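**Q**
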Amino acid sequence: MAYSAITSPPPLRFHSPFHHQPPKPRPHSLVFCSFGDQKNPTSKTSCLFKPNKNIPFFSHQPLLSAPKLRFNVQYSAGEEAEPLVTDATNQEDFSWSSVILPFFFPALGGLLFGYDIGATSGATLSLQSAELSGISWFNLSAVQLGLVVSGSLYGALLGSLLVYPIADFLGRRRELIAAALLYVFGGLVTGYAPGLNVLLLGRLLYGLGIGLAMHGAPLYIAETCPSQIRGTLISLKELFIVLGILMGFLVGSIQINAVGGWRYMYGFGVPISLLMGLGMWSLPPSPRWLLLRAVQGKGSFQEYKERAISALSKLRGRPPGDKVSEKQIEEALVSLKSAYKEEETEGSFLEVFQGPSLKAFIIGGGLVLFQQITGQPSVLYYAGPILQSAGFSAAADATRVSVVIGLFKLAMTWIAVLKVDDLGRRPLLIGGVSGIALSLFLLSAYYKFLGGFPLVAVAALLLYVGCYQISFGPISWLMVSEIFPLRTRGRGISLAVLTNFGSNAIVTFAFSPLKELLGAENLFLLFGAIALLSLLFVVVIVPETKGLSLEEIESKILK
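Numbering follows UniProt numbering, with no gaps: position 423 of the sequence shown is 423.
1) Between Ser-310, Ala-179, Gly-202, Leu-196, which lies nearest to Leu-162 when the distance is taken from Cα to Cα?
2) For Asp-322, does the three-state DSSP call read helix, strand or coil?
3) Between which two residues does the alpha helix (DSSP H) holding Arg-293 run?
4) Val-542 to Gly-195, Cα distance in whole Å?
5) Taking Arg-425 as part of the alpha helix (DSSP H), name the residues at either end of that continuous run.
6) Closest to Val-295 by C-alpha separation, out of Gly-277, Leu-336, Pro-271, would be which residue?
7) Flag this pair as yes or no: are the beta carbons of Leu-275 and Phe-103 separated by less than 9 Å?
8) Measure the C-alpha to C-alpha separation of Leu-423 and Ile-475 and round it to an integer number of angstroms.
9) Please state whether DSSP places Thr-124 in a helix, a strand or coil.
10) For Ala-360 and Pro-485, which I take to be in contact (beta-carbon distance under 8 Å), what is that distance rounded to the nearest angstrom?
11) Looking at the secondary structure, which residues open and close the alpha helix (DSSP H) in which Glu-306 lies?
12) Three or more beta-carbon pairs under 8 Å between the stretch 409-426 and the stretch 224-235, yes or no?
13) Quick one: residues in its chain with C-beta nearer than 6 Å to the C-beta of Gly-211, no 5 flanking neighbours on either side, listed in chain order?
14) Is it a yes or a no for the stretch 256-266 touching the stretch 113-131, going by three-plus beta-carbon pairs under 8 Å?
15) By Cβ distance, which residues of its chain are closer than 8 Å to Ile-329, with the 5 residues on each side in sequence left out?
16) From Leu-69 to Val-334, what does the alpha carbon distance come to, in whole angstroms?
17) Touching or not, the stretch 487-504 and the stretch 435-448, by the rule of three or more beta carbon pairs under 8 Å?
18) Classify Val-480 as buried or exposed, calling it buried when 16 or more other Cβ atoms lie within 10 Å of its own Cβ.
19) Buried or exposed for Gly-297, going by 16 or more other Cβ atoms inside 10 Å?
20) For Phe-370 and Ile-530, what's the separation of their Cα atoms in angstroms?
21) For Gln-354, does the three-state DSSP call read helix, strand or coil?
22) Since Ala-496 contacts Gly-365 with CB under 8 Å, what's their CB separation in whole angstroms?
23) With a Cβ-Cβ cutoff of 9 Å, do Thr-374 and Phe-472 count as a contact?
24) To the nearest angstrom, how far is the alpha carbon of Ser-126 from that of Gln-255?
25) Can you name the start and end residues of the alpha helix (DSSP H) that Glu-544 belongs to?
26) So, helix, strand or coil for Leu-12, using DSSP?
27) Taking only runs of the alpha helix (DSSP H) that begin and end inside the stretch 127-173, which ones reach a length of at least 4 residues, in chain order?
28) Using 10 angstroms around the beta-carbon of Asn-139, count the other beta-carbons present and answer buried if the total reaches 16, otherwise exposed.
29) Which stretch, first to last residue, makes up the alpha helix (DSSP H) that contains Thr-374?
30) Suppose you measure from the CA of Gly-187 to the CA of Tyr-154; what does that come to, to the nearest Å?
31) Could you check which residue in Leu-463, Gln-469, Val-379 has the C-alpha nearest to that of Val-410?
32) Nearest-angstrom Cα distance between Trp-281 and Arg-203?
33) For the 8 Å Cβ check, are there 3 or more pairs between the stretch 208-228 and the stretch 496-506?
34) For Phe-441 versus Gly-528, is the C-beta spacing smaller than 9 Å?
35) Looking at Thr-124: is its Cβ nearer than 9 Å to the Cβ of Glu-238?
36) How far does the alpha helix (DSSP H) with Asn-197 in it reach, from first residue to last?
Printed below as a string of structure tokens:
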């Protein structure tokens, strides 16, 4: 079924595309205007306005979105007309059936990342069991256990670093295919590991796949989906991460009493990785990436343009080379050339730390940094041990309660999916981060003087994961995928992913030593104080991007 949104026409207001201020009144001038829907040129509005066909239009049409209403203004006293464009944008008609696969296969990369989180929670318990581990090296030290838990995160950190200089060369599609292959090899090596060193190698390979997938997936989805559902689809990718966590918890719950159960927990993701790789192989490259390569002069301009038209036609389920896709590509090229006509076609290695790109990195990098240093890795990766210390002494009980937490995360993420394009990004962030701070203070209180009430710990965990899933979980990755300018988007997102996994690995590895040094009550108190600081960051720094195309975000917010 095709979907379209109808918006009422805005009041007649003129805004300069350069200053976004109404033009000053000009003495002795009579204004003539013409406007109409580009899709229906016969539809016109006339009153005291006279159309002028000699005045060129300046198109700022975003790729993959519907045409804008266009205006031109002429002054009868011989003054030069100013090109104007409305802020209102008609939304693109699209078929949901054509959107599903370009979302689903990249989102599997997020599902496999989440699966690693959930499976690790049970695998660490299985690995350390003398009876159930099935190995002779089960007696792991705190450092060795920390390496097993955070090994995939260190791999993700390395993957984010490696992809920084080659992101725009690889492209989003090839990057996701490479991620799927690394998932396959990492899962196989980990599942068949004869010793600790091979196990750590497998965790590193799997982590490299995470780094590439979490960079390429939001890029591919954001660049190929219609702008009016971008927030919904990027949030759905977070839902896939939650589904992966829940799947990992479920597999862990089933295999927790099996001898060598940790091998099955880590090997279960291999078939899903193969599906992801084959699916990405069947999808076309991102049209925006192809246009970027064309403007950068990385090959035949006409060839890249034709490939972009073909890719967009396939993504929208249209006949090859259809006129609608060709028109959208033409208008996107005009926008790209206009944006970069006074600059080098390719951003420099350090441009991400300058101008609009630096502003974008502060916003996106700050969100993913606070996402981690408010304790998220500790609460998720150590869900089993935390619940055991709260009174669920049997490993099986802790794993089953983790499944309940996973279901709750799923429900809360679905709320974010439904509301992110309705309420906007900022309200969800502000409300969710406030709840995160409260839950961390409750965990601190539990360990300090409420130890006789284990339900307090469970309630605090539920509050934490619920608020995380309507705020930092989906919104951080959504903002990262849409906030960077196109010319530095690949490198900017790789830096944001690097920031995310770097802080994730550090917090995860340091959790146990810090807990011994500070005590759990003071550690969660520290996380709570950081959560309050992150709330201030959201209120003061983070903008609202609801309803804006990627091109509008670049022109209106970053400049």
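Ideal Cβ placement from N, Cα and C applies to all residues, glycine included.
Quick caveat: nothing in here was measured; it's all calculated off a predicted structure.
**A** Based on what the coordinates show:
1) Ranking Ser-310, Ala-179, Gly-202, Leu-196 by Cα distance to Leu-162 puts Ala-179 first.
2) Residue state, collapsed to three classes: coil.
3) From DSSP, the alpha helix (DSSP H) with Arg-293 extends over 287-295.
4) Near 46 Å, if we compare the C-alpha coordinates of Gly-195 and Val-542.
5) Residues 425-449.
6) Looking at the Cα atoms, Leu-336 is the closest of the given residues.
7) No.
8) When rounded, the distance between both Cα atoms is 12 Å.
9) The answer is helix: DSSP assigns Thr-124 an H, G or I state.
10) Sure, about 7 Å apart at Cβ, within 8 Å.
11) Start and end: 301-315.
12) The count of Cβ pairs closer than 8 Å, one atom from the stretch 409-426 and one from the stretch 224-235, reaches three, so the stretches are in contact.
13) Its chain contains Ala-156, Gly-159, Ser-160 as the residues whose beta carbon lies nearer than 6 Å to that of Gly-211, once the 5 sequence neighbours on both sides are disregarded; these appear in chain order.
14) The count of Cβ pairs closer than 8 Å, one atom from the stretch 256-266 and one from the stretch 113-131, reaches three, so the stretches are in contact.
15) Contacts found: Leu-63, Pro-287, Leu-291, Lys-305, Ala-308, Ile-309, Leu-312.
16) For Leu-69, the predicted structure reports a pLDDT of 37, less than 50, and the residue's modelled location is therefore unreliable. The matter cannot be settled from this model.
17) Short answer: they don't touch.
18) Counting the other Cβ atoms within 10 Å of the Cβ of Val-480 gives 16 or more, which makes it buried.
19) Exposed, because fewer than 16 other Cβ atoms sit within 10 Å of the Cβ of Gly-297.
20) Phe-370 and Ile-530: Cα-Cα distance of roughly 8 Å.
21) Coil, per DSSP.
22) Yes, Ala-496 and Gly-365 are in contact; Cβ-Cβ is about 5 Å, under 8 Å.
23) Yes. Within cutoff.
24) Between the C-alpha atoms of Ser-126 and Gln-255 there is a straight-line separation of about 9 Å.
25) First-last for Glu-544: undefined, no H or E at that position.
26) Unreliable positioning characterises Leu-12 in this predicted model, as indicated by a pLDDT of 36, which lies under 50. A coordinate reading is not provided.
27) Within the stretch 127-173, the runs of alpha helix (DSSP H) that reach at least 4 residues and sit entirely inside it are, in chain order, 142-163, 167-170.
28) So Asn-139 ends up on the exposed side.
29) Per DSSP, Thr-374 is not a residue of any alpha helix (DSSP H), being assigned neither H nor E.
30) One Cα belongs to Gly-187, the other to Tyr-154, and the distance between them is close to 16 Å.
31) It is worth fixing the name first, because residue 410 is Leu in this sequence and not Val. Among Leu-463, Gln-469, Val-379, the Cα nearest to that of Leu-410 belongs to Gln-469.
32) Arg-203 has its alpha-carbon roughly 25 Å from the corresponding atom of Trp-281.
33) Yes: at least three Cβ pairs fall under 8 Å.
34) Yes, Cβ-Cβ distance for Phe-441 and Gly-528 is below 9 Å.
35) No, these two residues do not count as a Cβ contact at 9 Å.
36) It spans 196-224 - the alpha helix (DSSP H) in which Asn-197 sits, taken as one unbroken run.
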